[in-house]
Every structure is written in structure tokens, then in C-alpha cells.
Amino acid sequence: MAIKATIFKAEVQIADMDRNYYAEHALTLARHPSETDERMMVRLFAFVLHAHEQLSFAKGMCVDDEPDLWHRDLTGAIELWIDVGLPDEKWVRKACGRADQVLIISYGSRTAENWWEQNRAKLLKLNNVTVLNLAPEESQGLAALAQRTMRLQCTLQDGQIWITDGQDTVSIQPNYLKNNANH
């Protein structure tokens, strides 16, 4: 019998002063059996970073041609494609052809560094790709906030992000390895 996904509920209050976006979102995250708390919380971080009414979690780990999150316009066109982890460069190129903007959020210290070194030259040639790398203490700090039911407050100001559950706070200073200003 296949192991089912574990469901997490998150009430997320977002105060994004950089984009003048202020909202509360009730999110349901399905953690795939092979997914870690760290990866799931990096997906949640991706949502916080680009929160929008049209941004939604996709089936990235289960379906090859879908991202982890995407922002689709009312016609179904993909405005933003977000992948978490270390995707194959061929999949990134394919995503670039389907979406206006592609964001890759890498994490994992040494593994992420090796992935970037192997893919840097090809990814730098893609005009609509942004690559953001989280430091190990940031992604692991996010993982420590994971609970089956979460209430999180998120503040984004001057490029800095703070996420708190009321007891612990994770501070994130995004490290853009490749920054496409249009993301």
C-alpha cells in the first residue's frame, strides 16, 4: 500500500512592505512521503516571497511537467513558475518556454553549490530565470518551524524576510545567484 501525503495547515499573515502586499492566507500543504520538512517549508517560503491571489501549489514532486508553485493568469498562462531544490537544467529550459518568469530556490549547502557550478553557464544564458539560494541555517530554521498546524507572521522589508511562529523567528537574506529583475 502506498504511503499517503501528510497534510499541514498554515495560517500565514504576510506584510510585504517591498511590494505593498498585506494579506492573510489559509494554506494547505501536502508533504509528499519522500519530502522533508525542510523542503516543504522552503515551498512555503516561496509562497511568502511571491504571495498573490493566483499563486498556488502545484504537483511538482508528483508530476514531471508541473512546478512546485505557479502563478497562472485568468487565461491559464503561466506568469511565474517556481521550483524548489536542484532541478535538472533541461527541465528549467522547458519551464522557461512555458512561463514568463522562472524562479529556482536552491538549498542544501554543498549540494546546492555543486549544482550551481554544474549548471551556472547554461542557466546564465536563460533570460527569464532567477536563481535564489538559501543558506543552510535559513532552510533548517524554516524546517524547525514546521508543525501540522501553523500560524506564521511574515514580514518582508528592504529585501529581508522574517518568519515567526510567535516563539521562534527565522531571518532570511536571499542570496540571488542569478537575478532576473522582472521576477
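Numbering (the working numbering), first residue to last: -4 to 178.
The C-beta atom is built at its ideal place from N, Cα and C for all residues, glycine as well.
In this text the structure is predicted, and so the values were computed from the model without any measurement.
Anticipated Cβ contact below 8 Å, residue i with residue j, distance rounded
| i | j | result |
| --- | --- | --- |
| D63 | A138 | Not quite, the Cβ-Cβ distance comes to about 16 Å (not below 8 Å), so this is no contact. |
| N175 | Q49 | With a Cβ gap of about 19 Å, N175 and Q49 do not count as contacting. |
| R146 | D163 | The Cβ separation is near 12 Å, so there is no contact. |
| G71 | S101 | Going by Cβ atoms, the distance from G71 to S101 rounds to 28 Å, so no, they are not a contact pair. |
| A25 | A0 | 4 Å |
| L118 | E84 | 7 Å |
| D11 | L129 | No, D11 and L129 are not in contact; Cβ-Cβ is about 18 Å, not under 8 Å. |
| Q148 | S166 | So it is not a contact: roughly 13 Å between Cβ atoms. |
| L172 | W111 | 6 Å |
Reduced DSSP secondary structure (H/G/I, E/B, other) of residue i
| i | result |
| --- | --- |
| D32 | helix |
| G161 | coil |
| S101 | strand |
| E48 | coil |
| N109 | helix |
| I74 | Note that residue 74 corresponds to Glu in the displayed sequence, not to Ile. Reduced to three states, the DSSP call for E74 is strand. |
| L121 | coil |
| K(-1) | coil |
| N114 | helix |
| Q135 | helix |
| H178 | In this prediction, H178 has a pLDDT of 49, which is less than 50 and means its spatial position is unreliable; nothing more can be read from the coordinates. |
| L172 | strand |
| L151 | strand |
| T39 | Per the sequence shown, residue 39 should be read as Leu rather than Thr. Here L39 sits in helix by DSSP. |
| S166 | strand |
Strand pairing of residue i, partner residues [DSSP]
| i | result |
| --- | --- |
| Y16 | D11 |
| E6 | A21, R146 |
| W65 | S51, W76 |
| R93 | BP columns for R93 are empty, so no partner. |
| R26 | T1 |
| V126 | I99, K173 |
Proximity test, Cβ basis, 8 Å: residue i and chain D
| i | result |
| --- | --- |
| M36 | In the displayed structure, chain D is absent; only one protein chain is listed. |
The ligand NAP heavy atom lying under 7 Å from the CB of residue i
| i | result |
| --- | --- |
| K117 | Because no ligand of any kind appears in the structure shown, any question about the ligand NAP cannot be addressed here. |
(request) Could you say if the region 109 to 125 and the region 15 to 30 meet the contact criterion of at least three C-beta pairs nearer than 8 Å? (result) Touching, no, given that fewer than three Cβ pairs across the two stretches are closer than 8 Å.
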